[in-house]
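Numbering (full-length UniProt numbering), first residue to last: 1 to 268.
Think of the CB as a built atom: it goes at the ideal place given N, C-alpha and C, for glycine as much as any other residue.
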């Protein structure tokens, strides 16, 4: 690998100018990406018509050990928020009307990525670790004879990791209290959206904050197994449901009839 700007070794040393090389987890059968952070970055690229190439991987990481990461014009950037900030600056993309709106959007994005995500992880990962791991093992093109054992081992690993992350962010709560917590989070975003029926957080345009919220909702609502937050969104939060469907149709118009399973094994 050749060295890029800042002395970081590039995974794509022979890069093309202004082409984004997006490194992310492999696609699954039902979702463009099971990671909301990867889905957010790729959706941002699609929304703004940025030329990009996907590199699906489990092992490759940024110099900070993160996925998603990008390489653009010889520079490597990790972390979805930093990636989008770098893309906006480098490619002169403006999605907010003014500094005040940008600050408000940043607060929403940070709250969603850091807190809301972990209220949902209990149901998505901790309580459904085997189902979640099975989706990933399918994306990994695991041979059938090894898939069962690999899924069980991976489920144990991600359950332990999710438990630590949830405990660090939220503490440990009984099921009833945690359900109330996730309901409160969803209600907060429902309240923000209900004043803009048929629109988004800041009116007609789609901003980074919209993509952040949407990516967490989409990777919850469209999981191929039952989750409590799915039920809440479908039955109690109509604006969140319509918001998720509307952005899905805008950003990924073939979503409902697509099979996102990678056709080749992910790169190492």
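Reduced DSSP secondary structure (H/G/I, E/B, other) of residue 265: In this predicted model, residue 265 has a pLDDT of only 40, less than 50, meaning its place in the structure is not dependable; the value taken from the coordinates is given anyway. Note: residue 265 maps to coil in three-state DSSP.
Considering only their Cβ atoms, is the gap separating residue 25 from residue 67 smaller than 8 Å? The answer is yes: Cβ separation under 8 Å.
Per-residue DSSP class, three states only, for residue 260: Shown here, residue 260 sits in coil according to DSSP, grouped into three states, outside any helix or strand.
Contact under 8 Å by Cβ, residue 189 with residue 247: No.
According to DSSP, residues forming a beta bridge with residue 69: Paired residues: 23, 78.
DSSP state of residue 179 mapped onto helix, strand, coil: Of the three classes helix, strand and coil, the one that applies to residue 179 here is helix, per DSSP.
With DSSP collapsed to three states, give me the class of residue 107. Helix.
Classify residue 57 as helix, strand or coil using the three-state DSSP reduction. Strand.
Quick check on DSSP: helix, strand or coil for residue 52? DSSP, read as helix, strand or coil, puts residue 52 in strand.
Please state whether the Cβ-Cβ distance between residue 60 and residue 11 is less than 8 Å. A contact, by the Cβ cut-off of 8 Å.
Below 7 Å CB to CB, which residues in the same chain sit around residue 220 once its five sequence neighbours on both sides are set aside? 120, 124, 227, 229, 230, listed in sequence order.
Given a cut-off of 8 Å on the beta-carbon distance, is the pair residue 57 and residue 138 in contact? Not a contact, by the Cβ cut-off of 8 Å.
Inside the stretch 169 to 248 only - alpha helix (DSSP H) runs reaching at least 4 residues: Segments of the alpha helix (DSSP H) lying fully in the stretch 169 to 248: 175 to 194, 208 to 221, 228 to 236.
Decide yes or no for the touch test of the stretch 169 to 184 against the stretch 205 to 225: beta carbon pairs closer than 8 Å, at least 3 of them. Contact fails: fewer than three Cβ-Cβ distances are below 8 Å.
Hey, would you say residue 185 sits closer than 8 Å to residue 244, going by beta carbons? Against a cut-off of 8 Å, the Cβ pair of residue 244 and residue 185 comes out as no contact.
Limits of the alpha helix (DSSP H) - the one that residue 36 falls within: In the DSSP annotation of this structure, the continuous segment of the alpha helix (DSSP H) that includes residue 36 starts and ends at 36 to 47.
Considering residue 118, what are the terminal residues of the alpha helix (DSSP H) in which it resides? In this chain, the alpha helix (DSSP H) harbouring residue 118 covers 117 to 121.
By Cβ distance below 7 Å, which residues in the same chain neighbour residue 133 in space, the five residues on each side in sequence not counted? Cβ within range, chain order: 151, 154, 155, 158.
Express the C-alpha separation of residue 63 and residue 92 in angstroms, rounding to a whole number. When the Cα atoms are used, residue 92 and residue 63 turn out to be separated by approximately 25 Å.
In angstroms, rounded to a whole number, what distance separates the CA positions of residue 95 and residue 210? Approximately 10 Å, taken between the alpha carbons.
Quick one: Cα of residue 106 to Cα of residue 99, how far? Here the alpha carbons of residue 99 and residue 106 stand approximately 10 Å from one another.
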